[in-house]
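Trainee: Take a look at this one; I'll ask things after.
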Amino acid sequence: PNGDGINDFFVIRGLTENSKLKIFNRAGKVLYESGNYHNDWDGRDSEWNKLKSGTYWFVLTIAGIHKEYKGFVYLKN
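Reading the sequence shown from the start, the letters are residues 81 to 157 in the numbering used here.
Here is the structure:
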């Protein structure tokens, strides 16, 4: 995310209301959490600090589906 309007947010298509997203660092610390994610994560932690470039892990829970989706996102500043 560099403010150029291209890939500035982590967008997950087809989300329903109350979908939950958590972003973790490699050590497993939760850096960002949203109980109603609206495709608005811009590479900052929950205290609005800009995260460094690197690989971060996510866990996504979609309301109405009893499964967690896990993966990684590479953040490049």
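Beta carbons are placed, not taken as given, at the ideal position from N, Cα and C, and that holds for glycine.
My output table needs one value for TYR117: the three-state DSSP class, helix, strand or coil.
Mentor: Note: TYR117 maps to coil in three-state DSSP.
Trainee: Leaving out five residues before and five after THR96 in sequence, what residues of the same chain have Cβ atoms less than 7 Å from its Cβ?
Mentor: Cβ neighbours of THR96 beyond the five flanking positions: ILE142, ALA143 and GLY144.
Trainee: Work out the CA separation of LEU140 and VAL102 for me, nearest whole Å.
Mentor: According to the sequence as given, residue 102 is Lys; it is not Val. Cα to Cα, the separation comes out at about 7 Å.
Trainee: Excluding the five sequence neighbours on either side, which residues of its own chain have a C-beta within less than 8 Å of the C-beta of PHE152, listed in chain order?
Mentor: For PHE152, where only same-chain residues beyond five positions count, the Cβ hits under 8 Å are THR135, TYR136, TRP137 and PHE138.
Trainee: Given this structure, state the Cα-to-Cα distance separating LYS130 from GLY115, to the nearest angstrom.
Mentor: Going from the Cα of LYS130 to the Cα of GLY115 covers about 20 Å.
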